[in-house]
Amino acid sequence: MTVTELVSYEDALATYDPVMGLEVHVELGTKTKMFCGCATTLGADANSQTCPTCLGLPGSLPVVNAIGIESAIKIGLALNCSIAEWCRFARKNYFYPDMPKNFQTSQYDEPIAFDGYLDVQLEDGEVFRVQIERAHMEEDTGKSTHVGGATGRIHGASHSLLDYNRAGIPLIEIVTKPIEGAGERAPEVAKAYVAELRELIKALNVSEARMEMGQMRCDVNLSLRPKGVEKFGTRSETKNVNSLRSVERAARFEIQRHAAVLSAGGTIIQETRHFHEEDGSTTAGRIKDNAEDYRYFPEPDLVPVAPAREWVEELRAALPELPRVRRNRLREEWGISAHDMQSILNAGAVDLITATVDAGADSASARKWWMGELARRANEDGVEPAALPITPEQVARITVLVAEGSLNDKLARQTIEGVLAGEGDPDTVVDKRGLKVVSDEGALGTAVDEAIEANAAIADKIRGGKVAAAGALVGAVMKATRGQADAARVRELILEKLGVEG
Amino acid sequence: MPGITREEVAHLARLARLELKDEELDHFAGQLDDIIGAVARVSEVADQDVPPTSHPLPLTNVMRADEVRPSLTPEQALSGAPAQEQQRFKVPQILGEE
Numbered sequence: 001m002t003v004t005e006l007v008s009y010e011d012a013l014a015t016y017d018p019v020m021g022l023e024v025h026v027e028l029g030t031k032t033k034m035f036c037g038c039a040t041t042l043g044a045d046a047n048s049q050t051c052p053t054c055l056g057l058p059g060s061l062p063v064v065n066a067i068g069i070e071s072a073i074k075i076g077l078a079l080n081c082s083i084a085e086w087c088r089f090a091r092k093n094y095f096y097p098d099m100p101k102n103f104q105t106s107q108y109d110e111p112i113a114f115d116g117y118l119d120v121q122l123e124d125g126e127v128f129r130v131q132i133e134r135a136h137m138e139e140d141t142g143k144s145t146h147v148g149g150a151t152g153r154i155h156g157a158s159h160s161l162l163d164y165n166r167a168g169i170p171l172i173e174i175v176t177k178p179i180e181g182a183g184e185r186a187p188e189v190a191k192a193y194v195a196e197l198r199e200l201i202k203a204l205n206v207s208e209a210r211m212e213m214g215q216m217r218c219d220v221n222l223s224l225r226p227k228g229v230e231k232f233g234t235r236s237e238t239k240n241v242n243s244l245r246s247v248e249r250a251a252r253f254e255i256q257r258h259a260a261v262l263s264a265g266g267t268i269i270q271e272t273r274h275f276h277e278e279d280g281s282t283t284a285g286r287i288k289d290n291a292e293d294y295r296y297f298p299e300p301d302l303v304p305v306a307p308a309r310e311w312v313e314e315l316r317a318a319l320p321e322l323p324r325v326r327r328n329r330l331r332e333e334w335g336i337s338a339h340d341m342q343s344i345l346n347a348g349a350v351d352l353i354t355a356t357v358d359a360g361a362d363s364a365s366a367r368k369w370w371m372g373e374l375a376r377r378a379n380e381d382g383v384e385p386a387a388l389p390i391t392p393e394q395v396a397r398i399t400v401l402v403a404e405g406s407l408n409d410k411l412a413r414q415t416i417e418g419v420l421a422g423e424g425d426p427d428t429v430v431d432k433r434g435l436k437v438v439s440d441e442g443a444l445g446t447a448v449d450e451a452i453e454a455n456a457a458i459a460d461k462i463r464g465g466k467v468a469a470a471g472a473l474v475g476a477v478m479k480a481t482r483g484q485a486d487a488a489r490v491r492e493l494i495l496e497k498l499g500v501e502g
Numbered sequence: 503m504p505g506i507t508r509e510e511v512a513h514l515a516r517l518a519r520l521e522l523k524d525e526e527l528d529h530f531a532g533q534l535d536d537i538i539g540a541v542a543r544v545s546e547v548a549d550q551d552v553p554p555t556s557h558p559l560p561l562t563n564v565m566r567a568d569e570v571r572p573s574l575t576p577e578q579a580l581s582g583a584p585a586q587e588q589q590r591f592k593v594p595q596i597l598g599e600e
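Chain order of the listed sequences is A and B.
Residue numbers for the first sequence follow the working numbering, beginning at 1 and rising by one.
Residue numbers for the second sequence follow the working numbering, beginning at 503 and rising by one.
What follows is the structure, given as structure tokens:
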């Protein structure tokens with residue numbers, strides 16, 4: 001393997017203009033496979049969700065999943081695509097053990113959706129329009145385990161084992177037109193596009209689109225052309241880039257690698273490349289040659305799909321508010337900056353905060369807890385905030401308890417801790433742990449008197465006008481009440497008793 | 503007229519993972535060329551107004567509800583496998599050393 005000395009990103013962009021094409025595969029969240037009634041449950045026993053159709057046994061016949069078609073149309077509409085009036089499935093023929101049929105049922109020159117666009121917003125608020133070439137329906141392949149090699153890789157393996165549970169799960173492949181004009185922001189555009197697409201897919205409720213679970217996968221095609229030249233350069237195809245960060249890194253790496261090869265007078269080979277998560281590099285896979293001759297032909301076992309216009313319009317009318325529009329609306333409602341909104345989005349907390357507000361919290365408090373304490377906990381546990389064992393309703397209840405003065409921030413944190421530890425809902429935790437703010441003025445008054453008595457010197461200073469010294473007495477009272485007093489009220493009481501104006 | 507060359511037959515044989523000897527290639531190339539020639543005569547009678555037919559029946563939109571049907575058991579699924587390991591289909595080496 002030859003290692004190319006990379007050109008710095010800035011130097012690459014000074015000479016060349018990147019052109020990208022992004023292909024995203026989305027696994028639909030249907031209950032059954034695309035062409036048979038096998039379940040699609042994740043983590044099932046190996047080869048427990050197969051049948052003669054998805055195993056490609058002789059005499060079996062596929063029948064298309066109605067929700068698969070509906071989901072494809074929804075995605076097409078949300079991407080501003082035209083929906084085919086009539087289209088067919090096609091067989092993509094190839095021999096590879098991940099497909100027991102020896103062909104993948106896909107669509108060739110008649111995709112169900114075509115000619116659309118998706119507007120994506122970059123972190124600084126700039127909107128970039130990505131043109132969509134097509135979205136077509138196909139099926140996923142089986143899962144291979146390579147045995148006998150050093151690291152479970154296919155190279156050097158003695159043999160491979162196949163689990164066909166995933167073979168036949170519906171996939172929608174979404175292909176962009178060449179993305180031109182992004183310049184130095186190309187990697188950022190690639191990341192923002194995939195992020196926006198993921199939000200869109202989730203909003204449409206057609207898939208959970210979890211990249212870490214392989215439910216959404218991205219291929220990054222990239223080429224460089226000298227600035228001012230119209231003709232595209234030769235592209236490389238980096239396969240299965242499976243996180244948002246990786247999409248950006250893969251594009252950036254390929255820009256630097258291509259520039260190095262071209263600047264040295266070399267030529268880019270059109271090839272598949274593999275992305276390496278550890279260092280953000282890519283390495284060559286197989287070289288594309290004429291051997292890749294898929295001999296597509298119309299699938300004779302599946303009749304054409306001709307979605308009625310009324311149905312398409314019904315689906316269009318029922319589309320949810322698009323994520324970018326919704327985000328901008330929420331941002332205005334919450335009165336926060338684009339940057340703050342981006343952080344909330346990156347943290348995966350938009351829906352959680354919305355649900356918390358819907359459950360009765362004010363938006364500032366909802367944001368404070370989800371982006372503070374809870375984001376920290378999620379980060380520590382290495383999970384998405386949504387996976388924490390606390391519901392938006394419970395967070396809302398805590399914010400209400402704080403607002404009415406029953407809890408202060410410190411006690412609220414302890415309440416959250418209790419809920420996360422499985423001690424029950426917020427009220428139960430407050431009860432069991434005895435976390436209520438001491439609002440009994442009598443008890444508080446006694447604690448204040450005691451603090452003044454025990455700290456006579458400080459009390460004198462305060463009487464003498466050093467109001468700032470009150471902090472020490474507040475601290476003493478808070479300590480005596482084990483943090484369960486309202487600090488502001490304590491301060492008031494101290495000053496009152498010492499006859500000083502706050 | 504359309505036809506098929508010996509090179510094309512060799513290419514297709516490779517795609518179909520068929521190992522053909524030289525004399526077999528000669529033999530099949532000739533036969534396939536005859537067959538293609540015979541089928542091509544259809545286009546002599548089919549006018550411009552006859553679209554290519556992929557499906558003989560005038561059916562569209564045959565779909566099924568997204569309802570789970572029983573699958574085979576893993577034992578049944580694997581019953582025809584030439585080799586198996588860990589409840590999976592065992593296949594020969596896919597790629598050699600890098």
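Even for Gly, the Cβ is constructed at its ideal location relative to N, Cα and C.
1) For E569 (chain B), return the contacting residues in chain A, with the cut-off set at a CB-CB distance below 9 Å.
2) Please list, in chain order, the residues of the region 527–559 of chain B that have any C-beta partner in chain A closer than 8 Å.
3) Check whether the Cβ of S581 (chain B) lies closer than 8 Å to any Cβ atom in chain A.
4) Which residue's Cα is closest to the Cα of D340 (chain A): A:M371, A:K31, A:R326 and A:V325?
5) Quick one: complete alpha helix (DSSP H) runs, 4+ long, within the region 432–459 of chain A?
6) Secondary structure at D115 (chain A), three-state DSSP: helix, strand or coil?
7) Touching or not, the region 352–363 of chain A and the region 380–400 of chain A, by the rule of three or more beta carbon pairs under 8 Å?
8) Roughly how many whole angstroms lie between the Cα atoms of E208 (chain A) and M216 (chain A)?
9) Give a yes or no on whether 8 Å exceeds the smallest Cβ distance from E50 (chain A) to chain B.
10) Note down, one range per segment and in chain order, each alpha helix (DSSP H) of at least 4 residues found wholly within the region 271–359 of chain A.
11) Step through the CB atoms of chain B and report whether any lies within less than 8 Å of the CB of I154 (chain A).
12) Just to confirm, are R88 (chain A) and E110 (chain A) a CB contact at a threshold of 8 Å?
13) Classify V511 (chain B): buried if its beta carbon has 16 or more other beta carbons within 10 angstroms, exposed otherwise.
14) Given 8 Å as the limit, is there contact between the region 261–277 of chain A and the region 29–39 of chain A, that is, 3 or more CB pairs closer than that?
15) Taking 8 Å as the CB-CB limit, is T145 (chain A) close to chain B?
16) Tell me where the beta strand (DSSP E) around K227 (chain A) begins and ends.
17) Okay, do the region 115–124 of chain A and the region 163–171 of chain A touch, 3+ Cβ pairs below 8 Å being the bar?
18) Using the Cα positions of A291 (chain A) and E277 (chain A), report the straight-line distance between them to the nearest angstrom.
19) Can you pull the chain B neighbours of A157 (chain A), defined as C-beta to C-beta under 9 Å?
20) Alpha carbon to alpha carbon, how far is V63 (chain A) from R566 (chain B)?
21) Is it right to say G68 (chain A) is buried, meaning 16 or more other beta carbons lie within 10 angstroms of its own, or is it exposed?
22) Indicate the three-state DSSP secondary structure (helix, strand or coil) for P594 (chain B) in the structure shown.
23) Quick one, which residues of the region 60–75 of chain A are near chain B if we go by CB-CB under 8 Å, in chain order?
24) In three-state DSSP terms, what is H513 (chain B)?
The relevant details are as follows:
1) Residues of chain A passing the Cβ test: K31, T32 and G37.
2) Taking 8 Å as the Cβ-Cβ cut-off against chain A, the residues of the region 527–559 of chain B that qualify are S556, H557 and L559.
3) For S581 (chain B), the answer is no, since every Cβ of chain A falls outside 8 Å of its Cβ.
4) Nearest of A:M371, A:K31, A:R326 and A:V325 to D340 (chain A), Cα basis: A:M371.
5) Listed in chain order, the complete alpha helix (DSSP H) runs (minimum 4 residues) inside the region 432–459 of chain A are 441–454.
6) Of the three classes helix, strand and coil, the one that applies to D115 (chain A) here is strand, per DSSP.
7) Touching, per the Cβ criterion.
8) For the pair E208 (chain A) and M216 (chain A), the Cα-to-Cα distance works out to about 9 Å.
9) The displayed chain sequence assigns Thr, not Glu, to residue 50 (chain A). The beta-carbon of T50 (chain A) is placed less than 8 Å from the nearest beta-carbon of chain B.
10) Along the length of the region 271–359 of chain A, whole alpha helix (DSSP H) runs at least 4 residues long occupy 309–317, 323–334, 338–346 and 350–358, reported in chain order.
11) Look at I154 (chain A): its C-beta is under 8 Å from a C-beta on chain B.
12) One thing to note: R88 (chain A) has its Cβ within 8 Å of the Cβ of E110 (chain A).
13) With 16 or more Cβ atoms within 10 Å of its Cβ, V511 (chain B) is classed as buried.
14) A contact between stretches requires three or more CB pairs, one per stretch, nearer than 8 Å, and the region 261–277 of chain A fails this requirement with the region 29–39 of chain A.
15) Look at T145 (chain A): its C-beta is under 8 Å from a C-beta on chain B.
16) Annotation: K227 (chain A) is outside any beta strand (DSSP E) and is labelled neither H nor E by DSSP.
17) In short, these stretches do not touch, since the Cβ pair count stays below three.
18) Its pLDDT being 49, under 50, A291 (chain A) is placed unreliably by the model, and nothing is read from it.
19) Counting only Cβ-Cβ distances below 9 Å, A157 (chain A) has contacts in chain B at Q595, I596 and L597, in chain order.
20) A straight line joining the alpha-carbon of V63 (chain A) with that of R566 (chain B) spans about 6 Å.
21) In this structure G68 (chain A) is buried. Its beta-carbon is surrounded by 16 or more other beta-carbon atoms within 10 angstroms.
22) The three-state secondary structure of P594 (chain B), taken from DSSP, is strand.
23) From the region 60–75 of chain A, only V63, V64, N65, A66, I67, G68 and I69 have a Cβ closer than 8 Å to chain B.
24) In the structure shown, H513 (chain B) sits in a helix (DSSP, three-state: H, G or I).
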